[in-house]
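Going by full-length UniProt numbering, the first residue of the sequence shown is number 1, and it counts up by one from there.
Every residue gets a Cβ at the ideal spot worked out from N, C-alpha and C, and that includes glycine.
Here is the structure we will look at.
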Amino acid sequence: MAIDGFFESRRQAGHVRESKSPHSAPTFYGKKPQGGWCIVHAYNKLNDATIPAQTPIPRKDVIIDSMAKSTIYSALDLRDGFYQILMRESDIPLTGVITPSGLLWE
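Pasting the structure below:
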């Protein structure tokens with residue numbers, strides 16, 4: 001399956017590992033509005049159990065204003081960026097996903 005191939009390539013890159021976690025979210029392909037497909041993880045149960053951050057995300061105009069006098073900017077390549085976010089080791093099992101073929105990844 002294509003999803004298994006995707007996770008195998010992420011494993012080889014060191015971004016995911018096989019999981020034995022009791023937690024897993026279903027993974028499937030979703031159709032993008034502009035065409036094409038993307039991998040979707042249904043983290044509904046994890047999201048329901050998460051305590052929201054107590055600090056609001058700044059508005060876009062506030063961020064732009066704070067950058068007004070900046071002279072150096074940077075950009076991140078976020079292709080598959082979700083799989084490259086550093087996490088506490090104890091939180092990684094909570095992000096387990098299961099593919100349609102039954103493979104578990106975190």
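Check for me: the alpha helix (DSSP H) holding residue i runs from which residue to which?
{"i": "Phe7", "result": "2-12"}
{"i": "Ile64", "result": "60-66"}
What three-state label does DSSP hand residue i in the structure shown?
{"i": "Thr50", "result": "coil"}
{"i": "Leu94", "result": "helix"}
{"i": "Glu89", "result": "helix"}
Measuring alpha carbon to alpha carbon, tell me which of the options ends up nearest residue i.
{"i": "residue 170", "options": "Ala2, Pro100, His23, Ala68", "result": "Past the boundaries of the shown model lies residue 170; the chain is included only from 1 to 106, so the question cannot be answered."}
{"i": "Ser21", "options": "Ile98, Ile85, Pro93", "result": "Pro93"}
Would you call residue i buried or exposed, if buried means 16 or more other Cβ atoms sit within 10 Å of its Cβ?
{"i": "Trp105", "result": "buried"}
{"i": "residue 141", "result": "The requested residue 141 does not occur in the structure, where the chain is confined to residues 1 to 106."}
{"i": "Thr99", "result": "buried"}
{"i": "Thr27", "result": "buried"}
May I ask which residues mark the beginning and end of the beta strand (DSSP E) holding residue i?
{"i": "Ala42", "result": "It is not in any beta strand (DSSP E) - Ala42 carries neither H nor E in the DSSP assignment."}
{"i": "Tyr29", "result": "25-31"}
Cutting at 7 Å between CB atoms, please list the residues of its own chain near residue i, excluding the five before and the five after it.
{"i": "Ser101", "result": "Met1, Asp4"}
{"i": "Glu89", "result": "none"}
Beta-carbon within less than 8 Å of residue i's beta-carbon, same chain only, minus the 5 sequence neighbours each way: which residues are those?
{"i": "Val16", "result": "Phe7, Arg10, Tyr83, Trp105, Glu106"}
With a CB to CB cut of under 6 Å and the five nearest residues on each side skipped, what residues in its chain are close to residue i?
{"i": "Tyr29", "result": "Trp37"}
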